[in-house]
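Comments concern the structure below.
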Amino acid sequence: PHPSTFVCPTEIVAFSNKANEFRDVNCNVVAVSVDSHFCHLAWINTPRKSGGLGKMNIPVLSDLTKQISRDYGVLLEGPGIALRGLFIIDPNGIIKHLSINDLPVGRSVEETLRLVKAFQYVETHGEVCPANWTPDSPTIKPSPEGSKEYFEKVHK
Numbered sequence: 001p002h003p004s005t006f007v008c009p010t011e012i013v014a015f016s017n018k019a020n021e022f023r024d025v026n027c028n029v030v031a032v033s034v035d036s037h038f039c040h041l042a043w044i045n046t047p048r049k050s051g052g053l054g055k056m057n058i059p060v061l062s063d064l065t066k067q068i069s070r071d072y073g074v075l076l077e078g079p080g081i082a083l084r085g086l087f088i089i090d091p092n093g094i095i096k097h098l099s100i101n102d103l104p105v106g107r108s109v110e111e112t113l114r115l116v117k118a119f120q121y122v123e124t125h126g127e128v129c130p131a132n133w134t135p136d137s138p139t140i141k142p143s144p145e146g147s148k149e150y151f152e153k154v155h156k
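So the sequence shown is residues 1 to 156, counted in UniProt numbering.
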């Protein structure tokens, strides 16, 4: 989105801080902003305690033409800024999850990591992940018998 929305650095820093955890599950995180690379350089060179990004562990790309933001449906054409779009894209280029927040509310990095792990689990195991699933919780075999087995296990 934009450095002057005040929430952006909190999100970008939070994703940067978890970059290794995303890499551990073979997920690349990229931040995209409609600002210039010069603006990004200044933002990165501004200490975190002053609202900057500081050292980054993820790339911050410039979408100066706003084409990426437009293509993903997050661009507010009038003011020329992007909403907070988050896209989980699988290795085949398929969007598995998207969320778009208005400017004043940030997203949860932990929830994003959980979603990445859940989509990978489904792809690998062929089972589905219920609400609030975590890697150490039960999944559902997608059949009437399999779902019954799950519900009997969790609703004793």
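We put the beta carbon where it would ideally sit given N, CA and C, even for glycine.
For clarity, every value in this text was computed on a predicted model and none was experimentally measured.
Is residue i helix, strand or coil by DSSP?
i	result
residue 6	coil
residue 41	helix
residue 122	helix
residue 34	coil
residue 96	strand
residue 12	helix
residue 128	strand
Given a threshold of 16 other Cβ atoms within 10 Å of its Cβ, counted over all protein chains shown, does residue i qualify as buried or as exposed?
i	result
residue 63	buried
residue 89	exposed
residue 74	buried
residue 154	exposed
residue 94	exposed
Opposite residue i in the DSSP bridges: which residues?
i	result
residue 101	84
residue 62	33
residue 76	81
residue 68	According to DSSP, residue 68 bridges with nothing at all.
Just to confirm, is the Cβ distance from residue i to residue j under 8 Å?
i	j	result
residue 76	residue 107	no
residue 78	residue 34	no
residue 19	residue 32	no
residue 12	residue 61	no
Between residue i and the rest of its own chain, which residues show a CB-CB distance below 6 Å, the 5 nearest in sequence each way excluded?
i	result
residue 98	87
residue 27	116
residue 139	127, 129
Using C-beta distances below 7 Å, list every residue in its chain close to residue i, excluding the 5 sequence neighbours before and after it, in chain order.
i	result
residue 102	83
Using a Cβ-Cβ cutoff of less than 8 Å, which residues in the same chain neighbour residue i once the five nearest sequence positions on both sides are dropped?
i	result
residue 123	90
residue 142	126, 127, 128
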